[in-house]
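Novice:
In the numbering used here, the protein residues as written are 760 to 937.
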């Protein structure tokens with residue numbers, strides 16, 4: 760299967776080093792051997808929305824600002840958890856050919872649910888930052904895959920799955936801005 764993925768920036772050796780760090784000690788995996796390291800792709804959606812918002816009461820009467828403002832925002836929705844975040848721009852995307860089906864995880868949620876979550880988050884952000892309510896209109900949706908290194912500890916013993924630590928292979932992270 761041919762897919763579009765984020766450009767891979769974290770090498771396999773660095774992912775193993777990151778997994779052996781602080782995470783493995785908290786999970787009780789510091790003395791266990793790594794049984795397998797493999798690449799896994801999770802579907803994400805880029806959703807573009809148009810925001811239209813009017814000035815709030817204070818802006819309207821004190822500053823005489825009656826202008827209706829419009830803005831276009833780009834959001835990313837994770838296909839496995841339906842979590843939504845505002846992004847400043849798209850990362851570098853490359854095309855990969857002949858990826859096996861069992862290494863690809865398609866989205867567990869429909870496009871409708873992801874779009875509704877995007878609208879909810881966008882209106883909440885505008886309300887908190889601008890002080891006014893926004894009308895959010897959906898423009899377009901694009902599908903892409905995000906690469907992860909899966910570091911598996913221990914083999915399958917007694918019908919139990921091995922423990923897994925995922926490491927983002929694209930080098931991106933999600934950060935809160937206050």
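We put the beta carbon where it would ideally sit given N, CA and C, even for glycine.
Which residues bound the beta strand (DSSP E) around residue 774?
Specialist: Segment 771-778 is the alpha helix (DSSP H) holding residue 774; no beta strand (DSSP E) there.
Novice: Taking 8 Å as the cut-off, decide whether the C-beta atoms of residue 846 and residue 836 are in contact.
Specialist: Not a contact, by the Cβ cut-off of 8 Å.
Novice: Using CA coordinates, which residue listed in 776, 805, 795, 824 is at the minimum distance from residue 922?
Specialist: Out of 776, 805, 795, 824, 795 has the C-alpha closest to the C-alpha of residue 922.
Novice: In terms of residue numbering, what span does the beta strand (DSSP E) encompassing residue 798 cover?
Specialist: Its beta strand (DSSP E) spans residues 793-812.
Novice: Do residue 803 and residue 877 have their beta-carbon atoms positioned less than 8 Å apart in this structure?
Specialist: The answer is no: Cβ separation not under 8 Å.
Novice: Let me make sure I understand the geometry here. Which of 928, 891, 912, 901 has the alpha-carbon closest to that of residue 824?
Specialist: Residue 824 has its Cα closest to that of 891, out of 928, 891, 912, 901.
Novice: Taking 8 Å as the threshold, find out whether the stretch 881-897 comes into contact with the stretch 803-821 through three or more Cβ pairs.
Specialist: Yes: at least three Cβ pairs fall under 8 Å.
Novice: So what does residue 906 bridge to, in DSSP terms?
Specialist: According to DSSP, residue 906 bridges with 800.
Novice: Taking buried to mean at least 16 other C-beta atoms within 10 Å of its own C-beta, is residue 865 buried or exposed?
Specialist: Exposed: under 16 other Cβ atoms inside 10 Å.
Novice: Name the one or two DSSP bridge partners that residue 765 has.
Specialist: Its beta-bridge partners are 852.
Novice: If the criterion is Cβ atoms closer than 8 Å, does the pair residue 800 and residue 764 meet it?
Specialist: Yes, Cβ-Cβ distance for residue 800 and residue 764 is below 8 Å.
Novice: Between residue 889 and the rest of its own chain, which residues show a CB-CB distance below 7 Å, the 5 nearest in sequence each way excluded?
Specialist: Answer for residue 889: 812, listed in chain order.
Novice: Could you compute how far the alpha carbon of residue 840 sits from the alpha carbon of residue 896?
Specialist: Their Cα atoms are separated by approximately 23 Å.
Novice: Report the CB separation of residue 851 from residue 770 in whole angstroms; it is logged as a contact under 8 Å.
Specialist: So it is not a contact: roughly 16 Å between Cβ atoms.
Novice: Please classify residue 889: does DSSP put it in a helix, a strand, or coil?
Specialist: Three-state DSSP puts residue 889 in a helix.
Novice: According to DSSP, is residue 912 helix, strand or coil?
Specialist: If DSSP states are grouped into helix, strand and coil, residue 912 belongs with the strands.
Novice: Could you please give the first and the last residue of the uninterrupted alpha helix (DSSP H) stretch that includes residue 744?
Specialist: In the structure displayed, the chain extends from 760 to 937; residue 744 sits before or after that span and is not available.
Novice: For residue 827, which residues in the same chain have their Cβ closer than 6 Å to its Cβ, ignoring the five residues on either side in sequence?
Specialist: Counting only Cβ-Cβ distances below 6 Å, and skipping sequence neighbours, we find 813.
Novice: What separation, rounded to the nearest whole angstrom, lies between the Cα atoms of residue 920 and residue 863?
Specialist: C-alpha separation (whole angstroms): 19 Å.
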